[in-house]
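Chains as they are written, first to last, in the working numbering: chain X, 1 to 335; chain H, 1001 to 1319; chain D, 2001 to 2508.
Glycine included, every Cβ here is placed at the ideal spot set by N, Cα and C.
Everything numeric in this text was worked out from a predicted model, so none of it was measured.
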Amino acid sequence: MSTASASLRRPGRLSPRRLLDAMQSLGLLAVLVVVFIGVSIAEPRFFSSDSIKAILINSSMLAVCGFGMTLAIALRGIDLSVGSVQALAAVVAAKLSSTGTPLALAIAAALLAGVIAGALNGVVISQLRVPAFVATLGMMSIARGVALIYSNGGSFLVSDSSFTDISRDSIAGVPLPFVITLLALLAAWTLFNHTPFGRHIAAAGGNEDAAVASGIRLAPLVIIVFAIVGLTAAMAGVLLTAQVAYIDGTVGVGFELNVIAVVVLGGTSLAGGRGNLLGTLLAAILIASITGALNILGVATLYQYLAVGLLLILALALQSLRDRLAGRSSADGGE
Amino acid sequence: MSDRVRSALTTVIARYTIEVVLVTLVIVLLLTSSDFGSSQNLDGVLRQSAFVGIGAAGMTLLIISGAFDLSVAPMLALCGILAGHLVGDVGLILAIIAALIFGGLLGTLNGVIVTRLRVPAFVATLGMQYVYLAVALAWTNGAVVVITNTSFLALGAGDALGIPTPFLFMIGTYAVCWYLLWRTRYGRQVRALGSNERASRVAGIPINRVKVATFALVGVCVGLAGVLLAALVSSADSTVATGYELNVIAAVVVGGTSLNGGRGTLVGSFTGAIFFTLVSNALDLYGIGSYWQYVATGLVLITALGVEGLRRRFWLQPA
Amino acid sequence: MADSAPILAAHGIVKRFGGVQALGGVDFDVRAGEVHALVGENGAGKSTLIKILGGLHKPTEGEIELRSERVSFSGPLASQRAGIGVVAQEFTLVPKLSIAENVLLGREPRRLWALLDWPALRERTSALLSELGLEADPRTPVASLSIADQQLVEIAKALSLEPTVLIMDEPSAALNESEVDRLFEVVSALRDRDVGVVYVSHRLEEVFRLADRITVLRDGERVGTHDKDSMSEDELITEMLGRELEQHEHEPREAGDGGEALLQVTGLSLDGAFSDVDFEVRAGEILGVAGLVGSGRSELTRALFGLLTPTAGSAQIDGTALAATEPRAALAAGVFLLSEDRKSDGLIPDLSVRENLFLTASPDDGGSSWRLRADAETKEYEEVREFLDIRAHSPEQPIPTLSGGNQQKVLLGRALTSKARVLLLNEPTRGVDIGAKSDIYAALRKLASEGSAVLISSSDALELSQVCDRCLVMSRGRAIRMLGPSELDEDTIVATAVRARAEEDAAS
C-alpha cells in the first residue's frame, strides 16, 4: 500500500525551485525593460549603442564578482573582502603593467593574488572555525592594507594599450568585458548545477550536517569556493584597471556591499542552499542601467543610492510576499 | 602550578577571553611604551572607544535577537547632523534628545521593514544604508555642518568626574542595556527570540514588538554616538563614519557574542570596543604606519576569533 | 529465516564520557535476515550503543566484530563502507535539494570525471524509491514531501549503500498508523533480503509485531535478550524499568458527569485542513482527538491557538468568543498549546530550565510586569517541579541537558505558569520514556480534576484509550464520530479512524 501523496507532486522539467528562480529573473527582466523604455523616452541617447555598451561594461565587474559571491552565499557564507581584494588585484596589475611587465603576466599575478586571498579566507573559515562574516571582515582590512603598502600610497597609470583594450574591444559587437562575463556565467553555472562539486556546495549550504554525514569534506569545499570568490574579485580588479587605467589603493571601497546587493536582488537567498546565477547577471545589468540612466538624466549621485536601496528592499519584500502566498515559510531567508 | 589552579585559570580564560587579552595588552603596553601610561594617552583611548562602544551596546542586543543592522553608519551621521543643526536654536539638552529620538525613529523604520515587509534584516538594513546615505547627502548637499556651541563641544572633548565625557556616556549606556537584557522580561524575550524564533512565537512572545524595539534601541544608541562624535570633531557630515557598522560588529563579535543569536555578552562588547581602540593606539605608539595598521587590525580580528575557534575545537571547554 | 551466525556482533562494550559511564559491558549482535529490537528507557544507553555501531563513537572498552572479524571504525563513513547503514532520528536530508541529489549525496555518478551524470542519478534513485513503494519524481525537492515520505528517502539513502545491517532509530516516531504499516512492509522486505535490522523503538506494540529478538537495556547494561514469543509486554516493561509499572486505573467520566463546557467549537473550518468541526470539552474532562494522516487534528489545535486562521465557524471559551489571531491572544484567553515538535516549536535551547518555564508568563502577574523577580520565580518553579516531577539538578541548567521527558514536562509547566484553563496537547508523549509518560498522564488528570479542560491530539490510540474520557475521531478534515467512555478502547479508536478513511476513499 504505497502512499499517493508523493505521486501528486510531479514537477516535470520545471521543479518548484527552478520556477521560483525563473520568476525572479523574469521580474528583473521586466523591471529592466521598464527602466529602458521609460528612460529612453525621456532621453533617447540612453538607447544608443554607446550607452548600452557602457552599461554592459559597467555591469561586468559587478556580475563577475557576483558569480563568485553567489557561490559563497549558496554555501551559506559571505565574503566582505571582495572590495579590498579587487583593489589589491587592481594595484598589482596596474603596478606591474606600468613598470613594463607583459600583459599576461601582470594579469596572472593579479588573479593569483585574488586566489591566494580567497584561499586564506577559506582556510581561516574552515580550519579556525571563524564565521565567514568575521573572517572576510578581517581579510577586508588586511587586503586593503596590503594594497596600500604595495602601492606605497601612490597611484599608477596604465599606459599599455593592450591592457586598456580589454575594456574597449568588442567581439561581434559585444564589449569584451561582457563577453568575459558571459563566459564566466557559463563556467559558474556548469560548475554549480552540473558537477558533484557544485551540488555539494548547495548541500553544505542547505544542511551542513547532512553534507558531512554523506561524506562530503567541508574544508576543501570551503577553501575552493572562497578561492573562486577571490578569483572573481581579482577579475573585477583587472576589469577595473582596464577600464579606468588610473589605480590607487583606495579603489573598490564599498564594492562588497554592491556585489552582495546584486546577488540578493538576483534571487539568491542568504540562507544558503540555492543560487541564482542568471539572476545575479540580470541584477548587475539592472543596477548598471539605473546608474547609467541617472547619469544621463543629469541626476545627482545620491539618487543612485536611493534607487538601489529602495529597489533592494522592494524586491525582497515582493519575494517574501510571493513565498508566503505560495505557502512557503519566508522565515528561511536570513540570519 | 597545581592542577586546580591550572583548571581555574583555564576556565577564567575560556569565559573571559577578551577581557584577559585586554588586560594583558594593557600590561604589555605599560611595560614597553613610555607614552602609553600618560593620562593624555589613556584619556584619548577611552574617549575614542566610546563611539564604537556605544553603538556596540545596542548592536549586541540586536545580534542576540538574531538580526543585524548594517545601516548604522549613515544613521550616526544623520543624528549628528540633526544635533548640529538644532543645538544653536534649541540648546544642548533638547538637541541631544531630538537626536536620540530621531535615531530611535530611524531604527524603528528598520524594524518595521523587517517585521512588516518581511525583508531579512541583513538585506533590509543594507538597503536602508543606501537610503539613509542618500538622505544625508540630500540634507547636507554634501557640505559639512560646523558646530561651534561650546557646551555641545564639551560633550565630546570634555571630562566629567575625571573621566572623558563620552566614556561616561558609554558606561551609562552599557548599564542601561545590561539591565534591559538581564533583568527585564524584554531582555529574556530578546534572548529567546534569537535562540528559537518559532518556539518563541508559540510561547506567546510578541515577536514583532521585540524586534522593532531592539532596532529602535540600536537607533537610540547610535544617535547618542552620533551626537558625541559630532561634538568631538566639532562638525557633522554624511560620510563621517564610513565603515562604522563593521567596526561595531567587530567589537561585538570579538567580545564573544555569537552571530547566531541567543547568546551574548555586553561586558564583552564593552571590552571589545576598548580593545580595538587600544590596538590602534598601540600601533601608533610603536610607530607603525597606518597602512600596516589595516593589516594589523584585520589580523587581530581573525586571531581573536581564530583562537576561540581552535580552543573550542581542541579543548572542548564551554564557550 | 534468520541465519544463526551473526553478521555484526559487539562484545563487552563499555563507553565512558568523561566521568560518566553510559554503557557498562554490553553484548549485542544482529543476524542476517532478522529484526532485532532494542528497547529501554531514556538514558538506558540505546542511543550510545547504536552510535558506536554506526561508527560515531569509539567504545572505551570492548570489541566489535563484522562477520567474525574484528573491526574498528574510524568514523561514520568507515562504518558505512563496512556495510552498516543508519537511519537516524534526525533527518540528514538537504531540504532544497531534490530526492535524487539527497539519496546519492557524495556518491553521485559522474560523466567525464567532473560532470554530474543526471540521467544515471535519476535512474538509480527511481529504482531505490520504487523498491520502497514511494512513487515520486526524483527531481522533487525533499522539502515538499511529507515527513513520512522524507523518511522513506532517508531509508533509500541508507539502502543505496547496500548495507548488510540497517540500524533504525525510532523510525515510527513521526508516523501515523498507515505510514507505520508501510514502514513495516519495508522492514519485512529488508528482512527477506537477508539484511539484519536493528530496530530501536519506544513503541512496544510495534516491537512485538515486528521483531524476531528483543534486547532490553537498562542503565547502560544489557538486562536480557529474548525471542519475541517468550515474553509478554508487561514482563518486558518490568524488565525495562526494573519495577512494576503503576497501573493508573482511570475511571472515565460518564457522559453528563463533570462541569460546564469550557471550550465550545462550532462549525470550525480551515480550507484545505478541516471543515465544519463541532465539539465541546467540559471542565474536568480529557478529550482525545484521533485520526490518520490528513485528518486535520493538528491544524485544528493550531487554529484554536491562533497559529492558523480559520475560514469559517467559531470557538468559545466559557461563553466568550475565542478568535485568537496569534498565540499571545490565545494565551491571554486561557488557552495553551503544546506543539508536537518540541525541538522546533517548544524549547529555547540557549535558555535555562527556569527561563523556559517562565517564558510564557511570569509568576503571579498574568504577564504584565516588566521586571524579572528571581525569588518569585524560584518559588513557583519548585511548585511546578513537584507537580510534574521534573528531574533536573537545578533550574539554571540549560534545557538541552534534560532528557526528552523532562523537557516535555517543562513545556507542559508553561500551561501551569500561564494559568491556562484549556490545554491543547499535540502528541504529548512523543519521544518520552515510559516513566515520564506516566508522570505526564498523572499530571493531566490532576489538572483536569482541578477544573481544566484538556484536549489531547495523538496518533497513539493506546494512549488515548488510557487517558481520555471521550474521543473525537477525525478523518480528512471532518469530525466523524465522538466515542463515549464505554467505546474507548484502542481497537475501536483505530477501527473507526481507518474505516472512516476507507469509506471516504471509496466514495471519491
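Considering only beta carbons, the part of the region 2319-2344 of chain D lying closer than 7 Å to chain H consists of P2327, R2328, L2331, L2337, S2339, S2344, in chain order. In the three-state reduction of the DSSP assignment, N152/X falls in the coil class, being assigned neither a helical nor a strand state. The shortest C-alpha to C-alpha distance from R2302/D to any of E2069/D, H2226/D, T2048/D, L2270/D is the one to L2270/D.
Secondary structure at H194/X: helix, using DSSP grouped into helix, strand and coil. Using a Cβ-Cβ cut-off of 7 Å, R2110/D is close to P196 of chain X, given in chain order.
Judged by their CB atoms, L1259/H and I142/X are not nearer to each other than the 8 Å cut-off. DSSP places M69/X within a helical segment (H, G or I) once states are collapsed to three. In the structure shown, the three-state DSSP call for P2485/D is helix. Excluding five sequence positions before and after Q2407/D, the CB atoms of its chain that fall closer than 7 Å to its own CB belong to R2342, L2347, I2399, given in chain order. DSSP places F1051/H in the helix class (H, G or I) of the three-state scheme. Rounded to the nearest whole angstrom, the C-alpha separation of A2333/D and G2291/D is 27 Å. Closer than 7 Å at the C-beta level to chain H, one finds these residues of the region 304-322 of chain X: Y305, L306, V308, G309, L310, L312, I313, L316, A317, S320. Per DSSP, the unbroken alpha helix (DSSP H) holding M235/X starts and ends at 218-244. Interface annotation, A202/X: in contact with chain D, CB-CB separation under 8 Å. Sequence-ordered contacts of the region 2371-2389 of chain D with chain H read R2371, L2372 [C-beta pairs closer than 9 Å]. Within the same chain, and ignoring the five residues on either side of Q86/X in sequence, the residues whose Cβ sits closer than 6 Å to its Cβ are A233, A236, G237, G252, F255.
By the C-beta criterion, the region 2060-2075 of chain D is judged not to be in contact with the region 178-189 of chain X, since fewer than 3 inter-stretch pairs fall below 8 Å.
Among the residues of the region 1187-1203 of chain H, those with a Cβ less than 7 Å away from any Cβ of chain D are R1188, R1191, A1192, S1195, N1196, R1198, A1199, S1200, R1201, V1202, A1203, in the order of the chain. Straight across, the Cα-Cα distance linking I2440/D with M2240/D is about 19 Å. Identification of chain D residues near G1111/H by a Cβ-Cβ cut-off of 8 Å yields none; the smallest Cβ-Cβ distance measures about 18 Å. Taken through DSSP and simplified to helix, strand or coil, A1192/H comes out as helix. Residue-level contact check: A2114/D touches chain X, since one or more beta carbons of chain X fall below 8 Å from its beta carbon.
The beta carbon of S155/X lies closer than 6 Å to those of D248 in the same chain, with the five residues before and after it left out.
Counting C-beta pairs closer than 8 Å gives fewer than three between the region 95-106 of chain X and the region 76-85 of chain X, which falls short of the contact rule. Legend: CB atoms of the region 1127-1150 of chain H lying less than 9 Å from CB atoms of chain X belong to residues G1127, M1128, Q1129, Y1130, V1131, Y1132, L1133, A1134, V1135, A1136, L1137, A1138, G1142. If you keep only unbroken beta strand (DSSP E) runs of at least 3 residues inside the region 268-298 of chain X, you get nothing at all. According to the DSSP assignment, M1128/H belongs to no beta strand (DSSP E) but to the alpha helix (DSSP H) extending over 1121-1140. Per DSSP, I1205/H is not a residue of any beta strand (DSSP E), being assigned neither H nor E.
Following the DSSP letters along the chain, one finds Q2021/D inside the beta strand (DSSP E) bounded by residues 2020-2031.
Beta-bridge annotation (DSSP): L96/X is not paired with any residue.
Beyond the five residues adjoining it in sequence on each side, L312/X comes within less than 8 Å, by CB distance, of A261, V264, L265 in the same chain, given in chain order. In this structure, DSSP gives I1147/H a state outside helix and strand, which the three-state scheme calls coil. Interface criterion met: the Cβ of R129/X is under 8 Å from a Cβ in chain H.
In the three-state scheme derived from DSSP, where H, G and I count as helix and E and B as strand, S1238/H is classed as coil.
Within the region 1244-1260 of chain H, the residues whose Cβ lies closer than 9 Å to any Cβ of chain X are, in chain order, L1246, I1249, A1250, V1253, V1254, S1258, L1259, N1260.
For S161/X, the enclosing alpha helix (DSSP H) has its first and last residue at 161-168.
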